[in-house]
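Student: First the structure, which I've put down as structure tokens, then a few questions once you've had a look.
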Amino acid sequence: MASTTTAISTIAAKRPDEAYFTPPDNIVLEALYRDINNSELNGSPSPGPDGSELELLSSLNDPKHANFQPTIFSSWDYDLHDFKTPRNWRERILQQYVKWARTVVRHETDVVFVSHLLLYFSTALPSAIYLFYDFNLWHGIAHVVYIVWCSGAFTLMMHNHIHNRGVLSKSYGLFDWTFPYILEPLMGHTWDSYYYHHVKAHHVEGNGPDDLSSTIRYQRDSVLHFLHYELRFLLLCWFDLPCYFVRKGKYNLACRMLLTEGSAYAMMYLLARWKFKPTLYVILLPFVVLRVGLMIGNWGQHCLVDDVSPDSDFRSSITLIDVPSNRFCFNDGYHTSHHLNPLRHWRDHPHAFLAAKERYSNEGALVFQNIDYLEITYRVLTKNYMYLASKLVPMGSQIGMSQQELADMLRTKTRKLTEEEIAVKFSKHAAMKNR
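According to the UniProt record's numbering, the sequence shown holds residues 1 to 435 in order.
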């Protein structure tokens, strides 16, 4: 009896990492660790039922449900029920703000998008304008640091925008269409290039052989291969993407991409000719930093690719339950869920993941906790597979594997595929896509 109690106590000690996870992420992690503990106790890796968790996650996203909670700010969580009877002027202001903002956004959960837009238009834009009016080096440095800090959240807000053709309600449609053209250059983007590259190319190809950002032809724990990948995107994206559209017979997209990208470069050139120093800090440095960052992030999202089924969304992408990706970047950690359904609303990812947990488990999907894509890239490039294994949340057959076994398994997923392997492994995928 004592030995059984000790075993249960030992198993119960397995808990998720402590971090400032979102409430839905905590629900998901609790369910995953319950499966791990039950599996080690009962010797069966089968995932258990999650009915109550699924019901709770669904209710948090339903404006008609008593549990509904919109996301108001990224940095901290508010319980909407606390403001039904405001206790002070700050709570009264917040109550009225949320009431108004829910009418501005397309989905009532997305009050946070209004919060971000107000932030960018009241800080980044005035700062940029003032640098052109009266340039100061320290102001320029502070501006770049601030923009780099904001660019991740802005990019993932735009990620929702480009997949859903906007984030605001129809009555704010004109502003919804306009604000990207104002803010994108300030945040390091060129006009519409994110849409053309991400929606019209990356999601069409899914990290396959024709994807311009595909990682399968690279040895993904090689620094030299990564630098080749990074520099090619940084220097040749403007050329490679139109050529891709031409090869696919999408001449209209090729012309539109060349027009918007060319217009952005012309704008950079003219501003630099006019006032180089403010242009350097307001436009050029954010542009370079963002493009480098985008490919570091994409490498992290697609560096662990199964060499048996690299065409599977479950095995060519990963899921992260972490603070930077999910709290500050609108559930970007649920990358597999996003590839399975690019139109899925960002707040629905935890529910969709938990609902399909058994499929993830059976497919050998990879789920990590408390580590972001930038660190994934760093740990892979430094070949620190033991650390990555310590951050893996095992599912299915992964449960019960030692840390060394998990590390060895992860190492196999960074191997470069040969052209012969690519032709064989993606032939079925290409045939299905061409039907």
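Cβ coordinates follow ideal geometry from the N, Cα and C atoms, glycine included.
Source: prediction; values computed, not measured.
Indicate the three-state DSSP secondary structure (helix, strand or coil) for isoleucine 422 in the structure shown.
Tutor: helix
Student: Any idea what DSSP makes of isoleucine 93, helix, strand or coil?
Tutor: The three-state secondary structure of isoleucine 93, taken from DSSP, is helix.
Student: Considering just the uninterrupted stretch of the beta strand (DSSP E) at phenylalanine 368, what are its terminal residues?
Tutor: 366-369
Student: Assuming proline 286 and valine 144 are in contact, meaning their beta carbons sit under 8 Å apart, how far apart are those beta carbons, in whole angstroms?
Tutor: 7 Å between Cβ atoms; contact.
Student: What number of angstroms, rounded off, separates the C-alpha of glycine 173 from the C-alpha of methionine 158?
Tutor: In a straight line, the C-alpha of glycine 173 is about 15 Å away from that of methionine 158.
Student: Can you have a look at tyrosine 373 and say buried or exposed, based on whether 16 or more other CB atoms are within 10 angstroms of its CB?
Tutor: Classification for tyrosine 373: buried.
Student: Looking at C-beta atoms only, is the number of pairs between the segment 198-216 and the segment 311-324 that lie closer than 8 Å three or more?
Tutor: yes
Student: Spatial neighbours of arginine 15 within its chain, please: CB distance less than 8 Å, with the 5 preceding and 5 following residues excluded, ordered by chain position.
Tutor: Answer for arginine 15: Tyr33, listed in chain order.
Student: Could you pull out every residue in the same chain whose Cβ sits closer than 6 Å to the Cβ of isoleucine 376, ignoring the five residues on either side in sequence?
Tutor: Gly300
Student: Please report the residue range of the beta strand (DSSP E) in which isoleucine 318 lies.
Tutor: 318-321
Student: Is tyrosine 20 helix, strand or coil when you go by DSSP?
Tutor: coil
Student: Note down the Cα distance separating leucine 304 from aspartate 332, rounded to an integer number of angstroms.
Tutor: If I take the Cα positions, the gap works out to 17 Å.
Student: Considering proline 342, what are the terminal residues of the alpha helix (DSSP H) in which it resides?
Tutor: Element bounds for proline 342: n/a, residue is neither H nor E.
Student: Specify, as a first and last residue, the run of the alpha helix (DSSP H) that threonine 377 falls within.
Tutor: Counting along the chain, the alpha helix (DSSP H) containing threonine 377 begins and ends at 373-381.
Student: Span of the alpha helix (DSSP H) holding aspartate 408?
Tutor: 403-412
Student: With H, G and I counted as helix, E and B as strand and the rest as coil, what does DSSP make of leucine 392?
Tutor: strand
Student: Does the Cβ of glutamate 184 have 16 or more other Cβ atoms within 10 Å, making it buried, or fewer, making it exposed?
Tutor: Flag for glutamate 184 reads buried.
Student: If I measure Cβ to Cβ from leucine 320 and keep anything under 6 Å in the same chain, skipping five residues before and after, which residues do I get?
Tutor: Gly333 and Phe368
Student: Classify serine 3 as helix, strand or coil using the three-state DSSP reduction.
Tutor: Because serine 3 sits at a pLDDT of 44, beneath the cut-off of 50, its placement in the model cannot be relied upon, and the point is left open.
Student: Between methionine 395 and alanine 356, how many whole angstroms is the CB-CB distance? I'm expecting something under 8 Å.
Tutor: Not really, about 11 Å apart at Cβ, beyond 8 Å.
Student: Nearest-angstrom Cα distance between asparagine 67 and phenylalanine 330?
Tutor: 20 Å
Student: Do arginine 220 and valine 380 have their C-beta atoms within less than 8 Å of each other?
Tutor: yes
Student: Measure from the alpha carbon of proline 126 to the alpha carbon of each residue in Tyr244, Leu231, Ile182 and Ser58, then state which is nearest.
Tutor: The residue among Tyr244, Leu231, Ile182 and Ser58 with its C-alpha nearest the C-alpha of proline 126 is Ile182.
Student: Report the rounded CA-to-CA distance for threonine 6 versus valine 111, giving the unit in angstroms.
Tutor: With a pLDDT of 45 at threonine 6, under the threshold of 50, the modelled position of that residue is not reliable, and the figure given next carries that caveat. Looking at the two C-alpha atoms, the distance is approximately 47 Å.
Student: Considering aspartate 210, what are the terminal residues of the alpha helix (DSSP H) in which it resides?
Tutor: That residue, aspartate 210, is in no alpha helix (DSSP H); it is neither H nor E in DSSP.
Student: Which residues does DSSP list as the beta-bridge partners of arginine 105?
Tutor: What sits at residue 105 in the sequence shown is valine, not arginine. DSSP lists Leu168 as partners of valine 105.
Student: What residues in its chain sit with their C-beta under 8 Å from that of glutamine 403, if we drop five residues either side in the sequence?
Tutor: Met386, Ala389 and Ser390
Student: Give me the residue from Gly400, Glu421 and Asp134 with the minimum Cα distance to asparagine 37.
Tutor: Gly400
Student: Just checking: is the beta-carbon of tryptophan 149 within a distance shorter than 8 Å of some beta-carbon in chain C?
Tutor: The structure shown contains no chain C; it is built from a single protein chain.
Student: Name the one or two DSSP bridge partners that tyrosine 334 has.
Tutor: Thr319
Student: With distance defined between alpha-carbon atoms, name the residue in Val114, Tyr133 and Val167 nearest to tryptophan 274.
Tutor: Tyr133
Student: Please name the residue, chosen from Glu420, Lys413, Cys255 and His351, that lies closest to leucine 57 on a Cα-to-Cα basis.
Tutor: His351
Student: Do phenylalanine 353 and arginine 291 count as a contact pair if the criterion is CB distance below 8 Å?
Tutor: no
Student: List the whole-angstrom C-beta distance separating threonine 109 from serine 193, where the pair is believed to meet the contact cut-off of C-beta under 8 Å.
Tutor: 28 Å between Cβ atoms; not a contact.
Student: What would DSSP say about aspartate 77, mapped onto helix, strand or coil?
Tutor: coil
Student: Buried or exposed, going by whether 16 or more other CB atoms sit within 10 Å of the CB of valine 114?
Tutor: buried
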